[in-house]
Amino acid sequence: MLQLPEDGRKYMHYTLSFLCWLWNVISAIVASCSDLAAGNVHTVIMNGVNPVYTLPEGKAFAENLKKAKLSVAFSLREDETAKASGIAIGIPHYLESWNDLSPVKGSYALVQPAIRTIFPATKQFQETLLSWLGNGTGYYNYLRANSAAYTTGSSWNQTVHDGVHGTPVMGLSSAGGNWAAAASALAAAKKPADFELVLYTKTGLGDGQQANNPWLQEFPDPITRVSWDNYVTMSAADAKKLDVKNWNVANGALNGDYISITINGKKLDKVPVLIQPGQAVGTIGLSMGYGKTASLKEEMKVGVNAYTLYNGFNDVQSAKITKVDGEHEFACVQLQRTLMGRG
């Protein structure tokens, strides 16, 4: 029997714990959306999230949000969810805010403002909750008073100075979660009949929260060297079978063909294809974080919303693809088949 070293057992423990936690979170989201659709939810409060954009059934969520008696969105900008909510409240940026974090068990971190609040009318979500509870001390004072629970042996000023505070962790607790359901889901996974679509987030733009930042839009992907776009990555062998091509025009720019992607009846039309050397045959990749429309300037509204294909919150899906008419112009900073800047 294979015996894992102590570090390996800890890694496996934390990995399985995270997967079970993630499964429980997804189950809770699905249950909440079902209750909302059934009209069983009185009040919906959302902070720093954009479910109308990021949920696979975002449009249905926006419609069902109208069934709640009260819907409140705390948001940095007037995004899709803020527009769909009954009340939208502006919040400051995290660099203007106080906060505390516990990234792993036994480790605590304090977040302090890097700058003064630019828009004085905005208020932190936590500050608003305290006001609703009749606590007028302010979030900074509340945070400082409650920090004693985890900063034993260290002063407030010292913890703020260090940024983090660690406490001993006694052993490993057992991981909770619905193990049987997770195992059943893994067992039910089948090899896709057509293509395996892998959804991912880019290094620069991420999940799309900062889609209004032109520097991040301009940031070239470290592998494809393409900016200002999302696209389907595909192996050269698959591209040849589908008669999908990339080519360089007279000025050296990169152009390519379009395809449509269909998953369980959901379709994304006219998605550009970028042929990626070394990609596994039978797989295609598409980055999330694009296709946003709310709170963006017209030139920032680029790409397609891959979250609509995030069926069952699975980032690997069986997909059907078809070549469609059209020619796409990529914002590629480097010609393909070269090694410049890839080391």
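Residues in the sequence shown are numbered from 8 upward in steps of one, following our numbering. From the three backbone atoms N, C-alpha and C, an ideal C-beta is built for every residue, glycine too.
Would you kindly check if the distance between the Cβ of residue j and the Cβ of residue i is under 8 angstroms?
{"i": "L316", "j": "I268", "result": "yes"}
{"i": "G296", "j": "G215", "result": "yes"}
{"i": "K76", "j": "L43", "result": "no"}
{"i": "D201", "j": "A326", "result": "yes"}
{"i": "K209", "j": "S294", "result": "yes"}
{"i": "I270", "j": "M241", "result": "no"}
{"i": "G97", "j": "A121", "result": "no"}
{"i": "G292", "j": "V167", "result": "no"}
{"i": "P99", "j": "T124", "result": "yes"}
{"i": "Y5", "j": "L137", "result": "Since the displayed the chain opens at 8 and closes at 350, residue 5 lies outside it and no answer follows."}
{"i": "P63", "j": "N258", "result": "no"}
{"i": "W235", "j": "V309", "result": "yes"}
If I measure Cβ to Cβ from residue i and keep anything under 6 angstroms in the same chain, skipping five residues before and after, which residues do I get?
{"i": "R232", "result": "C339, V340 and Q341"}
{"i": "A91", "result": "V59, A69 and L72"}
{"i": "L140", "result": "none"}
{"i": "T61", "result": "Y314"}
{"i": "L108", "result": "A116"}
{"i": "G15", "result": "Here G15 scores only 45 on pLDDT, less than 50, and its place in the model should not be relied on; the value that follows carries that caveat. Answer for G15: no residue qualifies."}
{"i": "Y21", "result": "In this prediction, Y21 has a pLDDT of 47, which is less than 50 and means its spatial position is unreliable; nothing more can be read from the coordinates."}
{"i": "M8", "result": "Reliability fails at M8, whose pLDDT of 38 lies under 50, so the model's placement of it is uncertain and the value that follows must be treated cautiously. If we look at M8 and ignore the five residues flanking it on each side, it has no Cβ neighbours."}
{"i": "H49", "result": "K76"}
With 16 other CB atoms within 10 Å as the buried threshold, where does residue i fall?
{"i": "E225", "result": "exposed"}
{"i": "N47", "result": "exposed"}
{"i": "D245", "result": "buried"}
{"i": "F337", "result": "buried"}
{"i": "H172", "result": "buried"}
{"i": "G272", "result": "exposed"}
{"i": "N253", "result": "buried"}
{"i": "S353", "result": "Not covered by the structure: residue 353. The range shown for the chain is 8 to 350."}
{"i": "L102", "result": "exposed"}
{"i": "S104", "result": "buried"}
{"i": "Q324", "result": "buried"}
{"i": "D228", "result": "buried"}
{"i": "T88", "result": "buried"}
{"i": "K17", "result": "Caution applies to K17, whose pLDDT of 47 falls short of 50 and renders its modelled position unreliable; the value that the coordinates give is listed next. K17 should be labelled exposed."}
Report all residues from its chain with a CB closer than 8 angstroms to the CB of residue i; omit the five preceding and five following residues, and keep chain order.
{"i": "I151", "result": "According to the sequence as given, residue 151 is Arg; it is not Ile. These residues qualify, in order along the chain: W163."}
{"i": "N321", "result": "none"}
{"i": "K304", "result": "N219"}
{"i": "V239", "result": "I266, I268, V278, P279, V280, L281, I291, G292, L293 and I328"}
{"i": "P110", "result": "A116"}
{"i": "T144", "result": "L137 and A152"}
Candidates the options: which alpha carbon is nearest residue i's?
{"i": "I328", "options": "S114, K112 and D276", "result": "D276"}
{"i": "V79", "options": "A189, Q165 and F132", "result": "F132"}
{"i": "Q286", "options": "A243, A38, F81 and T135", "result": "A243"}
{"i": "N106", "options": "A95, H100 and Q119", "result": "Q119"}
{"i": "K248", "options": "G289, L212, N255 and N54", "result": "G289"}
{"i": "G65", "options": "D86, H49 and F81", "result": "D86"}
{"i": "A218", "options": "T50, S41 and N57", "result": "N57"}
{"i": "N54", "options": "F81, S39 and I36", "result": "F81"}
{"i": "G93", "options": "I52, K130, L83 and G145", "result": "I52"}
{"i": "K130", "options": "K112, R84, A45 and Q165", "result": "R84"}
{"i": "K112", "options": "Y207, N153 and Y157", "result": "Y157"}
Can you give me the Cβ contacts of residue i inside the same chain, cut-off strictly under 7 angstroms, excluding the 5 residues immediately before and after it?
{"i": "E13", "result": "Since pLDDT at E13 reaches only 47, below the 50 mark, its modelled position is unreliable, and no value is offered."}
{"i": "H335", "result": "N262, G263, Y265 and P279"}
{"i": "V311", "result": "N237, L275, V278, Y297 and G298"}
{"i": "G213", "result": "G296"}
{"i": "G333", "result": "Y265 and K277"}
{"i": "V256", "result": "N262"}
Does the ligand MG have a heavy atom nearer than 7 angstroms to the CB of residue i?
{"i": "H168", "result": "Absence of the ligand MG is noted for the structure shown, with no ligands found whatsoever."}
| At what residue ranges does the stretch 106-142 contain a whole run of the beta strand (DSSP E), taking only runs of 3 or more? | Runs found: 106-108 and 114-118.
| request: Pick out the complete alpha helix (DSSP H) segments inside the stretch 53-113, 4 residues or longer, and give them in chain order. | output: Counting only runs of at least 4 residues, the stretch 53-113 fully encloses the following alpha helix (DSSP H) elements, listed from N- to C-terminal order: 58-61, 65-72 and 87-91.
| Where are the beta strand (DSSP E) runs, 3 residues long or more, that stay fully inside the stretch 216-259, in chain order? | 239-241 and 253-255
| What are the complete beta strand (DSSP E) segments, minimum 3 residues, inside the stretch 271-315? | List check, beta strand (DSSP E) in window: 273-282 and 290-295.
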